[in-house]
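> Handing you a structure now.
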Amino acid sequence: MRFTIVGAGALGSILGAHLIKAGHQVQMIARGARAEQLREQGLRVRGLTDLDLACDVAQADDAAPACDALVYTVKTYHMTDALKATRHIDAQSVFSVANGVLKNELLAKDFGRDRVLGCMADTSGELKADGQVEFTRNVCLYVGSLVADAASRSAAVAQAIDTAGVNARSVGDIASVEWSKFVGWIALFTLCVLGRANTGRILSNPELAALAVHQVKEMGAIAAAVKVQLIDQSPLPVASIIEQPFEAAVETVRAVGDTFTRTAPSHRMSSLQDLEAGRRLEVEGTLGHAVRIAHQQHIEVPTLELCLSLVTGIDALQPSAG
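Under this note's numbering, the first residue of the sequence shown carries the number 239, and numbering increases by one thereafter.
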């Protein structure tokens with residue numbers, strides 16, 4: 239298959255390297271220092287795999303005019319600019335691995351709902367300053383069509399990625415999968431920005447685990463209002479947390495933290511990586527979007543509102559905000 243990957247951070251590099259190794263035609267859209275790194279060093283992935291591969295690097299203006307799958311791996315705050323630069327590409331399928339659920343609305347405006355695939359990436363990595371990517375978690379990258387007649391394309395994309403070595407599946411109710419991660423991700427996002435530690439340590443902490451439960455239960459009310467059925471999906475079993483009594487839910491979150499410590503002790507949320515590197519945080523397109531939906535649905539979300547204020551303030555102090 240022909241893949242065009244917009245963005246060459248951790249996930250973009252992991253996908254690109256595996257797909258190239260599997261024999262697919264891949265073009266990486268990158269700019270600035272990262273583009274130069276790719277031209278000089280190629281894609282270098284360590285951790286769960288060991289790959290060093292040359293790659294085709296292009297600016298958005300010089301991108302191939304057509305592809306089978308156009309994959310956006312940029313942060314939510316870069317999506318608008320990335321779409322402006324690449325909307326000319328004729329792609330059979332388009333999806334974004336970005337956090338949250340706003341991305342599908344943005345993609346549909348430019349490419350049409352029939353070509354957009356929903357996506358939830360339970361896949362993790364970290365881009366180091368020297369250009370090497372540490373591949374830390376390979377649970378599953380879920381894709382699914384937003385319209386019924388695109389199911390075969392979703393299956394083909396998932397199969398290509400999965401057989402290349404990045405675990406992937408095509409699912410029927412992608413909205414449920416995306417929202418189930420989104421609900422848990424919001425809690426993880428705020429906790430990592432406040433706690434500034436590896437994921438396992440944060441979730442194992444009783445006070446932070448309690449804060450996570452408050453957020454998950456408020457996010458669950460939002461999901462119910464927009465008629466999305468939540469499921470127990472990695473990394474947090476949000477459906478169970480919402481149904482459990484508060485103290486039991488706290489212990490569920492702490493158990494997830496223990497699992498992270500045991501199976502992925504070095505795992506750090508990408509938001510923490512951004513915070514420590516002085517980069518912008520994904521606030522408005524994720525937590526901000528959730529709070530806006532809550533207000534539209536007349537749902538009280540005091541914990542989410544407080545966390546939004548805290549994270550927005552921290553984001554404003556980042557060097558990149560100056």
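For every residue, glycine included, the Cβ atom is placed at its ideal position computed from N, Cα and C.
For I258, which three-state DSSP category applies?
Helix.
> Is the beta carbon of W570 sitting closer than 9 angstroms to the one on A461?
For the chain, the structure presents residues 239 to 560; residue 570 sits outside this window and is missing.
> With distances taken Cα to Cα, identify the nearest neighbour of T374 among H533, L513, S251 and G526.
Looking at the Cα atoms, S251 is the closest of the given residues.
> Round the Cβ separation of A268 and V295 to the nearest angstrom and send it over; I've been treating them as touching at under 8 angstroms.
Contact holds; Cβ gap of about 6 angstroms.
> Which two residues bound the contiguous beta strand (DSSP E) that contains N376?
Run containing N376: Q370 to S383, per the beta strand (DSSP E) assignment.
> Using 8 angstroms as the threshold, is the segment 362 to 380 in touch with the segment 272 to 292, meaning 3 or more CB pairs across them?
The segment 362 to 380, when compared against the segment 272 to 292, does touch it at the 8 angstroms Cβ threshold.
> Apart from the five residues just before and just after V335, which ones in its own chain have a Cβ nearer than 6 angstroms to its Cβ?
Excluding positions up to five away in sequence, the list reads L249, T311, C357 and A359.
> If you draw a straight line from the C-alpha of D290 to the C-alpha of L441, how long is it?
Whole-angstrom Cα-Cα distance: 34 angstroms.
> Provide the residue span of the alpha helix (DSSP H) that contains M317, from first to last.
Residues M317 to T324.
> Near H505, what residues of its chain come up, given a Cβ to Cβ distance below 8 angstroms and the 5 sequence neighbours on each side ignored?
Within the same chain, H505 has close Cβ partners S362, T374, R375, N436, T437, G438 and F498.
> As a quick exercise: from F349, K313, A532 and A320, pick the residue whose alpha carbon is nearest that of Q330.
Measuring from the Cα of Q330, the nearest candidate turns out to be F349.
> Can the beta-carbon of R240 be found closer than 9 angstroms to that of D306?
Taking 9 angstroms as the Cβ cut-off, R240 and D306 qualify as a contacting pair.
> Taking the CB atoms as reference points, tell me whether S582 and K419 lie closer together than 9 angstroms.
In the structure displayed, the chain extends from 239 to 560; residue 582 sits before or after that span and is not available.
> Less than 9 angstroms between the C-beta atoms of G254 and C293, yes or no?
In contact: G254 and C293 (Cβ atoms closer than 9 angstroms).
> Output the distance between the C-alpha atoms of A271 and L365, rounded to the nearest integer angstrom.
Answer to the nearest angstrom: the Cα atoms are 13 angstroms apart.
> Please identify the residue among L519, A463 and E520 whose C-alpha is closest to the C-alpha of Q535.
Closest by alpha carbon: A463.
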